[in-house]
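In my numbering, the protein residues as written are 30 to 286.
All C-beta atoms, glycine included, are put in the ideal place defined by N, C-alpha and C.
It should be emphasised that the depicted structure is a prediction, and the values quoted were computed from it without experimental measurement.
Report on the structure given below.
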Amino acid sequence: MSVQSSWQFCQKCYALFYNGRSDQGACAAGGAHSPHGDNFALPYGIATTASTQTSWQFCQKCYALFYNGRSGQGACAAGGAHSPHGDDFVLSHDIPITSKSQAFWRFCQNCYAMFYAGRSDQGVCKGAAGGPHSAQGDNFVLSFIDLNPVIDNIQVTDEFVVTGSNFFPSDQLTLSYELSGGSAFSTVPGSAGCVAASDGSFSCPTPVQGYPGPDFELGTVSSFGVTARDQHGNYALASCQVDAEGSIVNFQKGQSA
Ligand SMILES: [Zn+2]
Ligand SMILES: [Zn+2]
Ligand SMILES: [Zn+2]
């Protein structure tokens, strides 16, 4: 079974939308979608059963997940009908939830989008002239990735190599270093290696020798802290010391400098 992650709840319109592109699509509540909460992973490429439904697809105009199994494609927040692109997702419904899944995801019979119906109101629907979504049919249960980001290790060779896991899959990471002398620096966005893999792990090399900064020179830095942060606001801290030979000692997870 394959899954695609980076699907998130939009806290403005309540639709499930794909947050893995450089922008956030078109929201029925105006502007772009605004992500909130868990990172859902949707299965595709599997056979359907009595408790799953297929024909759920990404709309390349508004980025919402919508049901493409009817004769029409529903009302798109970007105008006209939704425009399907990519995989056919196969989603579970009416099954027990676990610690890593959420129920009350429903089909909207006005706009055909998947939306979260577990709040006190039903969001904003393009198919209802700005009114709320209208749930119909099955109660979908979607699985999410349990983010618990951690820095696993720091090694020093001719550069710092920071490794970590459980970050938002495929996100660009920024590593910030705070040195005991008071100076600080961060990796430049787009730095080689500073991207989480599809399983949320990373191994990011950061140059040490000759790095700009008056207080940063091997043999003079006694301790430093590292913060690794993804683009969804998930972060992890670690701290350690550098001995006289430049080796990392006293590595500690979850400690700021
Ligand atoms: Zn939205
Ligand atoms: Zn659309
Ligand atoms: Zn709707």
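Identify whether residue i lies in helix, strand or coil by the three-state DSSP scheme.
i: residue 156; result: helix
i: residue 235; result: strand
i: residue 62; result: coil
i: residue 196; result: coil
i: residue 125; result: coil
i: residue 165; result: strand
i: residue 188; result: strand
i: residue 272; result: coil
i: residue 150; result: coil
i: residue 205; result: strand
i: residue 103; result: coil
i: residue 97; result: coil
i: residue 243; result: Unreliable positioning characterises residue 243 in this predicted model, as indicated by a pLDDT of 36, which lies under 50. A coordinate reading is not provided.
i: residue 255; result: strand
i: residue 68; result: strand
i: residue 83; result: strand
i: residue 261; result: coil
i: residue 111; result: coil
i: residue 176; result: coil
i: residue 226; result: coil
i: residue 56; result: coil
i: residue 267; result: strand
i: residue 92; result: coil
i: residue 285; result: Residue placement at residue 285 is flagged as unreliable, the pLDDT there being 42, under the threshold of 50; a coordinate-derived value is accordingly withheld.
Name the two residues that bound the continuous beta strand (DSSP E) containing residue i.
i: residue 281; result: 277 to 282
i: residue 180; result: 179 to 185
i: residue 135; result: 130 to 137
i: residue 145; result: 143 to 145
i: residue 32; result: 31 to 39
i: residue 215; result: 213 to 215
i: residue 47; result: 45 to 47
On the CB-based measure, 16 or more other CB atoms within 10 Å of its CB, does residue i come out buried or exposed?
i: residue 114; result: exposed
i: residue 37; result: buried
i: residue 193; result: buried
i: residue 183; result: buried
i: residue 207; result: buried
i: residue 54; result: buried
i: residue 151; result: buried
i: residue 177; result: exposed
i: residue 258; result: buried
i: residue 48; result: buried
i: residue 62; result: buried
i: residue 158; result: exposed
i: residue 268; result: buried
i: residue 279; result: exposed
i: residue 217; result: exposed
i: residue 124; result: exposed
i: residue 79; result: exposed
i: residue 65; result: exposed
i: residue 240; result: The predicted model places residue 240 with a pLDDT of 45, which falls under 50 and marks its position as unreliable; any figure quoted below should be read in that light. Exposed, by the Cβ-count rule.
i: residue 256; result: buried
So residue i packs on residue j, CB below 8 Å; how close in whole Å?
i: residue 133; j: residue 143; result: At roughly 11 Å, the Cβ-Cβ gap does not stay under 8 Å, so residue 133 and residue 143 are not in contact.
i: residue 196; j: residue 130; result: Not confirmed; about 21 Å, so no contact.
i: residue 140; j: residue 103; result: 5 Å
i: residue 106; j: residue 56; result: 6 Å
i: residue 116; j: residue 33; result: 7 Å
i: residue 120; j: residue 82; result: 6 Å
i: residue 93; j: residue 45; result: 7 Å
i: residue 275; j: residue 185; result: 6 Å
i: residue 201; j: residue 224; result: 6 Å
i: residue 227; j: residue 199; result: 6 Å
Examine chain D for any beta-carbon lying closer than 8 Å to the beta-carbon of residue i, and answer yes or no.
i: residue 199; result: The structure shown has no chain D; it contains just one protein chain.
- Around ligand 1, Cβ to any heavy atom closer than 5 Å, ordered along the chain: Summarising the contact set, residues whose Cβ lies nearer than 5 Å to any heavy atom of ligand 1 are, in chain order, 39, 41, 42, 56 and 62.
- Query: What does the shell around ligand 2 hold, if a residue joins when its beta-carbon is under 5 Å from any heavy atom?
  - Reply: Qualifying residues come out as 88, 90, 91, 105 and 111.
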